[in-house]
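Participant: Residue numbers (the numbering used here): 75 to 390. Before I ask anything, let me first share the structure, which is written out below as structure tokens.
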């Protein structure tokens with residue numbers, strides 16, 4: 075949440091804001107007593123606004139970088155996934171934590187491993203407001219399919235003297251009724267599976283466990299290789315999923331454990347590609363909500379590694 079400042083003006087006033095994602099967001103955020111929106115324009119890397127003479131008050135969020143995410147909270151998300159943070163809270167906490175750990179955000183490269191589903195892009199956009207554009211090596215269900223080669227390429231893009239922030243994890247939808255594993259989508263009358271890849275994989279491993287089908291073999295064709303891999307990676311958790319009180323709540327946790335194992339292997343093999351900085355590794359679960367509400371992220375680990383793959387500190 076953010077505070078709104080109210081001030082009294084008796085003359086033309088110009089204020090400077092931190093850069094925001096879009097000028098339109100600023101215009102929607104500013105109000106004046108006259109009802110006439112103030113003049114807002116860009117000057118270099120900053121935005122400024124001017125109020126006209128005669129306007130007695132203005133109101134504007136002053137203490138945050140404006141987010142591209144919706145700001146309306148969705149209580150069902152935190153009821154089902156206690157400890158989850160809104161996207162805005164997450165980005166603010168990341169920024170503060172990394173600054174305390176000695177990170178310079180102007181020299182930090184963010185890399186994400188999220189599912190390719192479009193519902194996961196708002197968090198990347200929010201991160202880009204602070205750290206600029208992210209490197210992406212995720213695929214279906216959030217697995218880091220870019221692997222060691224992709225990590226090495228990312229490391230080569232880190233600004234001189236800087237470090238990287240790697241954020242990974244599966245995602246899960248929570249719809250307006252509180253059902254998990256599905257979510258309403260923009261422009262569609264009916265919702266659908268979220269994460270679709272994960273739900274399909276869970277159905278496959280359940281059928282294998284019951285002896286109804288044979289387990290997926292390692293694919294030899296790229297056509298649907300990622301989904302076959304997701305099924306293989308989820309297979310060790312089949313029994314855990316069957317015994318869960320709510321399979322759709324357990325599913326993203328099981329996927330997180332599978333992805334963490336793969337991410338550990340990638341860091342161990344490729345950490346040396348980071349020239350002289352550190353690797354901050356944040357893992358958790360993205361929680362997608364109905365249109366008009368903010369998404370959430372449940373952090374499950376936040377560690378800093380050196381370029382030898384050794385953990386230097388646990389941040390959260």
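Backbone N, C-alpha and C define an ideal beta-carbon position, used for all residues, glycine too. On a predicted model such as this, the values are computed, not experimentally measured, just so you know.
1. How many whole angstroms separate the CB atoms of residue 369 and residue 359, which I take to be in contact at a CB cut-off of 8 Å?
2. Taking a contact to mean a Cβ-Cβ separation below 8 Å, would you say residue 190 touches residue 212 in this structure?
3. Return the CA-CA distance between residue 345 and residue 317, expressed in angstroms with no decimal places.
4. Can we say the segment 257-277 touches the segment 311-325, given the rule of at least three CB pairs closer than 8 Å?
5. Does DSSP put residue 358 in a helix, in a strand, or in coil?
6. Please classify residue 150 as buried or exposed, where buried requires at least 16 neighbouring CB atoms within 10 angstroms.
7. Which first and last residues belong to the beta strand (DSSP E) in which residue 314 is found?
8. Could you tell me the distance, in whole angstroms, from the CA atom of residue 295 to the CA atom of residue 171?
9. Taking the alpha carbon of residue 166 as the reference point, which residue from 351, 175, 372, 204 has its own alpha carbon closest?
10. Pairs of beta-carbons, one from the segment 227-234 and one from the segment 247-254, closer than 8 Å: are there three or more?
11. From the DSSP output, read off the bridge partner residues of residue 373.
12. What would DSSP say about residue 177, mapped onto helix, strand or coil?
13. Helix, strand or coil for residue 87? Go by DSSP, reduced to three states.
14. Below 6 Å CB to CB, which residues in the same chain sit around residue 252 once its five sequence neighbours on both sides are set aside?
15. Can you name the start and end residues of the beta strand (DSSP E) that residue 247 belongs to?
16. Using a Cβ-Cβ cut-off of 6 Å (strictly less than) and excluding sequence neighbours within five positions of residue 192, which residues of its own chain qualify?
17. Taking the continuous beta strand (DSSP E) assigned at residue 387, which residues delimit it?
18. Closest to residue 351 by C-alpha separation, out of 146, 374, 187, 380, would be which residue?
19. In the DSSP assignment, what are the bridge partners of residue 379?
20. Is residue 270 helix, strand or coil when you go by DSSP?
21. With a threshold of 8 Å on Cβ separation, who are the neighbours of residue 331 within its own chain once the five nearest residues in sequence on each side are excluded?
22. Which residue's Cα is closest to the Cα of residue 197: 375, 363, 265?
23. Would residue 217 and residue 307 qualify as a contact pair, given that the criterion is a beta-carbon distance under 8 Å?
Facilitator: Taking the coordinates as given:
1. Position 295 of the chain shown, counting from 1, holds the residue named residue 369. Position 285 of the chain shown, counting from 1, holds the residue named residue 359. About 11 Å separates the two Cβ atoms, so there is no contact after all.
2. If you number the chain shown from 1, residue 190 lands on position 116. If you number the chain shown from 1, residue 212 lands on position 138. With respect to the 8 Å criterion, residue 190 and residue 212 are classified as neighbours on the basis of their beta carbons.
3. Sequence index remark: in the chain shown, residue 345 carries index 271 (1-based). Sequence index remark: in the chain shown, residue 317 carries index 243 (1-based). Each residue's alpha carbon lies about 37 Å from the other.
4. Flag = yes, the segment 257-277 and the segment 311-325 touch.
5. The residue labelled residue 358 in the question sits at position 284 within the chain shown. If DSSP states are grouped into helix, strand and coil, residue 358 belongs with the strands.
6. On the chain shown, position 76 is the one that residue 150 refers to. Flag for residue 150 reads buried.
7. The count along the chain shown starts at 1 and reaches residue 314 at position 240. It is not in any beta strand (DSSP E) - residue 314 instead sits in the alpha helix (DSSP H) that spans 312-317.
8. One-based indexing of the chain shown puts residue 295 at position 221. One-based indexing of the chain shown puts residue 171 at position 97. Computed Cα separation, rounded: 43 Å.
9. Sequence index remark: in the chain shown, residue 166 carries index 92 (1-based). Out of 351, 175, 372, 204, the CA that lies nearest to the CA of residue 166 is found in 204.
10. Between the segment 227-234 and the segment 247-254, the count of C-beta pairs closer than 8 Å stays below three; the two stretches do not touch.
11. One-based indexing of the chain shown puts residue 373 at position 299. When DSSP reads this structure, residue 373 sits in a beta bridge with 358.
12. Position 103 of the chain shown, counted from the start, is the residue given in the question as residue 177. Residue 177: coil per DSSP, three-state reduction.
13. The count along the chain shown starts at 1 and reaches residue 87 at position 13. Annotation note: pLDDT 34 at residue 87 (below 50); position unreliable, coordinate value reported separately. It is a strand residue.
14. In the chain shown, residue 252 corresponds to position 178, counting from 1. Around residue 252: 150.
15. To locate residue 247, count along the chain shown from 1; it is residue 173. Start and end: 245-247.
16. One-based indexing of the chain shown puts residue 192 at position 118. The beta carbon of residue 192 is closer than 6 Å to none in its chain, skipping five residues each way along the sequence.
17. Translated into positions along the chain shown, residue 387 becomes position 313. Boundaries of the beta strand (DSSP E) around residue 387: 385-388.
18. Mapped onto the chain shown, residue 351 falls at position 277. Selected option, being the one with the closest Cα: 380.
19. For the purposes of this step, residue 379 is taken as the residue at position 305 of the chain shown. Paired residue(s): 353, 385.
20. Position 196 of the chain shown, counting from 1, holds the residue named residue 270. Residue state, collapsed to three classes: helix.
21. As a first step, residue 331 is located in the chain shown; it is residue number 257 there, counting from the start. Once the five neighbours on either side are set aside, the close Cβ partners of residue 331 are 311.
22. As a working note, residue 197 is residue 123 in the chain shown. When each option's Cα is compared against that of residue 197, the closest is 363.
23. Start at 1 with the first residue of the chain shown, and residue 217 comes out as number 143. Start at 1 with the first residue of the chain shown, and residue 307 comes out as number 233. Yes, the Cβ-Cβ distance between residue 217 and residue 307 is below 8 Å.
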